[in-house]
Amino acid sequence: MLIWQLQLVAMGLSFIVTVLYWTLFNPKFSVYDYNSHAINFVIMMLDFIIIAIPTRLLHFVYMALLSAIYCIFTAILHGAGYTSHVYSFLNWATNPGLSAGICIGITFVATPLVQTLFWCVYLLRNYLGDKVNPTTSNMTSQHVIMTPQYRSVEAGKVNPSFQ
């Protein structure tokens, strides 16, 4: 369960960081910037599609919680006199209103939207998987199996084909 949530949070936040980096920071396109921001998300998205982990809409709260913790942490760093920004658009010293707006937007708008996007990809992945191989279904839990013979859920039983 923990790995499941951490993977979804990491994937969602990597997408948000990538979008914010390329839209607000707007750097020159260098190999380093491309590798550290864009490739990260591409690899995580491929992992998401290949591994076939389940995705739930309400799990955006974990991503939102981590976003809020990060924003509070940067504000505390600023209040303590340390450099509080990694990116210029999240600089509490020069523009606290913009920083607060970005934090609120990420926490309450971006995280639900990104989770909805990944949930739609999850549904599409399951739909295509059922079309490609209709005799088996995607497992939606580690503890529940879908038996291909009856297309029914049997909790706690082992599929004979796995023995």
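Residues 665 to 827 in our numbering are what the sequence shown spells out, letter by letter.
Cβ atoms here follow ideal geometry from the backbone N, Cα and C, with glycine treated the same way.
- Inclusion of Q779 and F724 in the CB contact set at 9 angstroms is warranted, their separation being smaller than that value.
- In the three-state reduction of the DSSP assignment, T775 falls in the helix class.
- Distance from the CA atom of P798 to the CA atom of Y786, rounded to whole angstroms, is 17 angstroms.
- Between the alpha carbons of A764 and A702 lies a distance of about 25 angstroms.
- Under the three-state reduction of DSSP output, K692 falls in the coil class, being neither helix nor strand.
- Taking one beta carbon from each stretch, the segment 761 to 775 and the segment 730 to 738 have 3 or more pairs nearer than 8 angstroms; the two touch.
- T771 sits close to A728, with the two beta carbons spaced by under 9 angstroms.
- When the alpha-carbon of T775 is set against those of L666, S678, L788, W668, the nearest one is in S678.
- C-alpha of L688 to C-alpha of W783: approximately 26 angstroms in a straight line.
- Q671 sits away from I707, with the two beta carbons spaced by 9 angstroms or more.
- Rounded to the nearest whole angstrom, the CA to CA distance from R789 to G743 is 45 angstroms.
- With contacts defined as CB atoms closer than 9 angstroms, Q669 and Y726 qualify as a contacting pair.
- Residue range 760 to 769 is occupied by the alpha helix (DSSP H) that includes P760.
- In this structure, F705 and T719 do not form a Cβ contact; the two beta carbons are roughly 16 angstroms apart against a cut-off of 8 angstroms.
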